[in-house]
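Reading through the structure tokens given below for one structure.
There are 2 protein chains.
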Amino acid sequence: MARPTSKDVAHAAGVSQAAVSLVLGDKWRGRVSEATAERVRAAARDLGYRPNLAARNLRLGSTRTVLLVVPALTNDFFARVYTGAARIAAAHDFGVVLYPSPDGIGPAKDPFASARSALDGVIASSMAAGALADIRGADLPLVMLDSDPADTTAAAHVNVDLADGMRQMTEHLLSLGHRRFLHLAADVDSWTFAVRADAIAHALRTAPDATLRTEHAPLTVHGARAAAERALTASGPRPTAVICDDDIIAAGACKAVRRLGLRIPEDISVTGFDDLALATAVDPELTTIRMPAELVGERGMGALLHVLDGKQPQSDALPVELVVRDSTAPPSA
Amino acid sequence: MARPTSKDVAHAAGVSQAAVSLVLGDKWRGRVSEATAERVRAAARDLGYRPNLAARNLRLGSTRTVLLVVPALTNDFFARVYTGAARIAAAHDFGVVLYPSPDGIGPAKDPFASARSALDGVIASSMAAGALADIRGADLPLVMLDSDPADTTAAAHVNVDLADGMRQMTEHLLSLGHRRFLHLAADVDSWTFAVRADAIAHALRTAPDATLRTEHAPLTVHGARAAAERALTASGPRPTAVICDDDIIAAGACKAVRRLGLRIPEDISVTGFDDLALATAVDPELTTIRMPAELVGERGMGALLHVLDGKQPQSDALPVELVVRDSTAPPSA
DNA sequence: AAGATGAAGTTTTACGTATAACGTCCGTGG
DNA sequence: CCACGGACGTTATACGTAAAACTTCATCTT
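Written as structure tokens, this is what we have:
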């Protein structure tokens, strides 16, 4: 038979459709007798009744569903953000639908085609400015994670203190004695990476004898390896420390260093960022900055729930943590 | 103002709601004049009209949305499956909603809470048998990827020739001269891994002098490292080749081998499976088996579309490819 | 001229649910 | 003995869309 509706359940239980809705919606105290309620529940169970979500959504005018837009799935940072967001959502009887932007950090092309149900709000993580044009156009409540706080189209922002992370990392290397730095920067025009570059430059002001070179690298291991090789074989004194914008680039940098016959960390120190699973999968394990990814997801979802409640969410920068592992050491020379 | 409805558009354009539906649904040839159609389109554009998906879904009784259930997001195999499935879906005006099972390959707990819209079908990838209880209960068309073909509750199966992959890998090692093998098997009770073990045992029958030991390892780099250390320091002659159930385990095995002061591949060969991004991120790059992940997603979505059309999909095992990199070599002794 | 055809719409209905508004029966206080 | 309010339901309606069925009017055919 076709899928049973609440009317079918009503008929089976010998009551009206309204009574079924009341009982199953848990709104029946004082309106329906316990005996009848139990009869309705039994009928629903027997028929295998599952409410039609489309009808419910139409009636209620809300879907209790939120879209989470992420640039990539291969990065476990976003997987952890999702986990956090989904946990908070579930606690409030919300669902989270994931939309991995096919273009990475670039424009998110019609995410609504993916989530075909109506949405109550959107959370976007680490997306480049201007990448969310049609999301803004839908005038849904939007919470941005790890994105430019100056973007006022978002109802709320949840950010991590990236600048402090890069400051800690740079000072860690400075205190080890490093003075010649190479910054392998992600070749993506996104706030999250711009902040890193600024923080490095800022931290190096305290060390007037330090030199900094910057090379741009794609966000893939192999692309980053090529970029690192290029930078490390360029003329001039070789850097003793390579600061990478994320762990993936760092993994590429490590490969490049070894290809040149150098050792990590004895000859060159390499640092990552994000503390992805990759950071401890490679050898040596990367000194990196741990992001509170699940917390970011939780806060993001929390902020969105606040907005949906008409309240004003407050934003604070979440703290990061320097994790020192085996890829950094004092320079040999 | 509240979100405009088709009725608002109709009023603005001076026509009936039905006319709006016809025009915007592209069903107006011979029913509405070009001039009126253009007026309707202009009104819709001006008001920023976006159809209410819940209402449309209710009316049509179908959501053109499919749920893809995967055990994990950190694994780029599943990201690629999603990419393939989403591509085919988009071409047929379907959407794909992703549900990452919070328990990994274990039971998928109420995936429908995540996708709160009604669904037309479900694709499940690499899930353990019995993990999809409530999905089966929803009696939606179900396509299983990389799962036990004997499971008849699925309307269709899409599988990769894993057995052939493990056969190729084992023969590759045999032809290099290896005879003492360690199999680092995933400690998960899932078809996809059971097949691998069988295939290794089968392939080794052609080499009567070969010995095989099996150790179970969790699907994490660190867990696998511990398991590998345990197995490699056990009494008896040390294996010369470590066959791992997937690349993550292989990464852990590599770490263990190096911890013991041994070199890869000179002292011990290590092989992976899946050809994840991780396989080329580690040093040395892993000899592994490449899975046609996107193709799996495409075929899965294609099969589901066939089922939804009432047609009978056919299943064939997709071919895999041995990728020889730097983690395998002839044994030294 | 009478009917047929077709274009260009409109009116109406159904999808399944949640809930406001409305009965009905019965025990009870005044 | 009558009004009254609770307990226990039912009836009716709205959500926004798609599409079947219907209307109107001008043109074409014979």
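The listed protein sequences correspond, in order, to chains Y and X.
Numbering (our numbering) for the first sequence: 1 to 333.
Numbering (our numbering) for the second sequence: 1001 to 1333.
Backbone N, C-alpha and C fix where the C-beta goes; we use that ideal spot for every residue, glycine too.
Note that the structure is a prediction, hence the values are computed from the model and not measured.
Relative to the Cα of M291/Y, the nearest Cα in the group D247/Y, Q312/Y, L304/Y, R258/Y belongs to D247/Y. Here M169/Y is near I243/Y, since their CB atoms are less than 9 Å apart. Looking only at V270/Y, R259/Y, R29/Y, V9/Y, the smallest Cα-Cα distance to E229/Y is reached by R259/Y. Contact of D274/Y with chain X is not assigned, every C-beta pair being separated by 9 Å or more. For S190/Y against S117/Y, the beta-carbon gap comes to about 29 Å, at or over 8 Å, which does not count as contact. In this structure, the CA atom of M1144/X is about 13 Å from the CA atom of P1071/X. Between H172/Y and A210/Y, the C-beta spacing is not below 9 Å. Under DSSP, the beta-bridge partners assigned to Y99/Y are V69/Y. When the five nearest sequence neighbours on each side are left out, the beta carbons in the same chain lying within less than 6 Å of the beta carbon of L182/Y are those of R213, A231, P239, V242, in order along the chain.
Taking CB atoms only, P1071/X has no neighbour in chain Y less than 9 Å away. DSSP, read as helix, strand or coil, puts H1178/X in coil. DSSP places S1006/X in the helix class (H, G or I) of the three-state scheme. Rounded to the nearest angstrom, the Cβ distance from T328/Y to L176/Y is 6 Å, consistent with a contact under 8 Å. Taking V320/Y as reference, the option from D274/Y, S147/Y, N52/Y, A91/Y with the minimal CA-CA separation is D274/Y. Judged by DSSP in its simplified three-state form, H1092/X adopts coil rather than helix or strand. Close to Y1049/X, with beta-carbon spacing below 9 Å, lies no residue of chain Y; the smallest spacing is near 11 Å.
Within the model, the alpha-carbon separation for L1022/X versus T1036/X is close to 11 Å. Distance from the Cα of V97/Y is smallest, within the candidate group V1032/X, D1316/X, P1111/X, for P1111/X. If you check the CB distance, A1226/X and A1256/X come in under 9 Å. Annotated three-state conformation of R238/Y is coil, per DSSP. Distance from the CA of D1161/X to the CA of A1129/X, rounded to the nearest whole angstrom, comes to 19 Å.
Beyond the five residues adjoining it in sequence on each side, L305/Y comes within less than 7 Å, by CB distance, of H92 in the same chain, given in chain order.
If you look at R213/Y, you'll find it in the beta strand (DSSP E) that goes 211-217. DSSP, reduced to helix, strand and coil, places T1287/X within a strand of the structure shown. Beta-bridge annotation (DSSP): G1121/X is paired with V1066/X.
For K1255/X, the nearest CB of chain Y lies under 9 Å from its own CB, placing it at the interface with that chain. Contacts between D283/Y and chain X, judged by CB atoms closer than 8 Å, involve C1254, K1255, R1258, V1282, D1283 in chain order.
For A1251/X, at least one C-beta of chain Y is nearer than 9 Å to its own C-beta.
Taken through DSSP and simplified to helix, strand or coil, S1269/X comes out as strand.
Below 8 Å, too few C-beta pairs join the segment 266-285 of chain Y and the segment 51-63 of chain Y to call them touching: fewer than three.
Residue pairing for N1159/X: DSSP places it in a beta bridge opposite A1317/X.
If the five residues before and after D120/Y are omitted, its C-beta is found closer than 8 Å to the C-beta atoms of S62, T63, R64, T65, V66, F94, L140, P141, L308, all from its own chain and listed in chain order. Under a 10 Å Cβ-count criterion, S6/Y is classified as buried, with 16 or more other Cβ atoms of the shown protein chains found around its own Cβ. Inclusion of V40/Y and A18/Y in the CB contact set at 9 Å is not warranted, their separation being larger than that value. Per DSSP, reduced to three states, the secondary structure at D1274/X is strand. Going by beta carbons, A1293/X and P102/Y fall outside the 9 Å limit.
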